[in-house]
Amino acid sequence: MTDIQIAAPAGSLQVRALWQQSERIVLICHPHPLFGGTMDNKVVTTLARFFKNQNVSVISFNFRGVGSSSGQHDNGMGEIDDALAVLNWIIQQNPFQNQSDFQPRQLYLAGFSFGAYIAAAVASRFNQQQINAELTEFKLVKTFLVAPPVHHYPMHELSLAKDTVVLMGDQDEVVPPAEVISWANQLDLQLVMMPGCSHFFHGHLPDLGQQLVQHFP
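And the structure:
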């Protein structure tokens, strides 16, 4: 599994693709770039490992200005465009050219912290049919949001399916758990509160993996 550069609105993005012989694929979004967030974050790699074990093709990437991705942080708006650019790139790929049954079109979205906001924003565009014609080839199956920063981004304005899974530590020191509980209940989402877990799930990554198993597909 090697990283590649793909064309994107801010120049190019660093993308890591793990293709599986499956029609299912997940796009994983990493935490805040200005606070050290990259696709190598341990929560992101936990998500990637989980989906790999479910025979789902895994696409991770660095937002603009992170790693070898060009550009500068854009407080969310440009990063949504980054995620959509990666999805457009996926549509153009044909990893199993002689096996049409394995075209990756069953889409999962996942993200941690800032990345959860980006994943949710992309999911909202799918749910409101605010995507380009090429992306309509995808069927959005489910969205997984880990520690979504509802206190800092306009997540109350998003349109999310009720089977969206929200995973949250009850000891989160970055995102207020009470605000996430209120938001998730207001939208009638599947909220999973994880006892004893901090924002970065220190010592609890296996527990996070177990919760993902219980709420998949």
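Note that the sequence shown covers residues 158 to 374 in the working numbering.
We put the beta carbon where it would ideally sit given N, CA and C, even for glycine.
Buried is the label assigned to residue 236, since at least 16 other Cβ atoms lie within 10 Å of its Cβ.
Counting only the Cα atoms, residue 229 lies some 24 Å from residue 281.
A residue is called buried when at least 16 other Cβ atoms come within 10 angstroms of its Cβ; residue 193 does not meet this threshold and is exposed. Under the DSSP assignment, residue 169 falls in the beta strand (DSSP E) whose first and last residues are 168-175.
The alpha-carbon separation between residue 317 and residue 342 amounts to approximately 12 Å. For residue 164, the enclosing beta strand (DSSP E) has its first and last residue at 160-165. Nearest in C-alpha terms to residue 297, of all of 277, 160, 312, is 277.
The Cβ-Cβ distance between residue 222 and residue 196 does not fall below 9 Å.
Following the DSSP letters along the chain, one finds residue 184 inside the beta strand (DSSP E) bounded by residues 181-186. Contact between residue 270 and residue 306 holds: CB atoms are separated by about 6 Å, below the 8 Å threshold. The beta carbon of residue 198 sits closer than 6 Å to the beta carbons of 187, 188 from its chain, once the five residues preceding and following it are set aside; these are given in chain order. When C-beta atoms of the stretch 198-214 are compared with those of the stretch 166-183, three or more pairs fall below 8 Å, so the two segments count as touching. In the three-state scheme derived from DSSP, where H, G and I count as helix and E and B as strand, residue 208 is classed as helix.
By DSSP's assignment, residue 300 forms a beta bridge with 266. Per DSSP, residue 217 is one residue of the beta strand (DSSP E) stretching across 214-219. Cβ atoms of residue 275 and residue 233 come within 8 Å of each other, at about 7 Å. Assignment of residue 351 by DSSP, reduced to helix, strand and coil, places it in the strand class.
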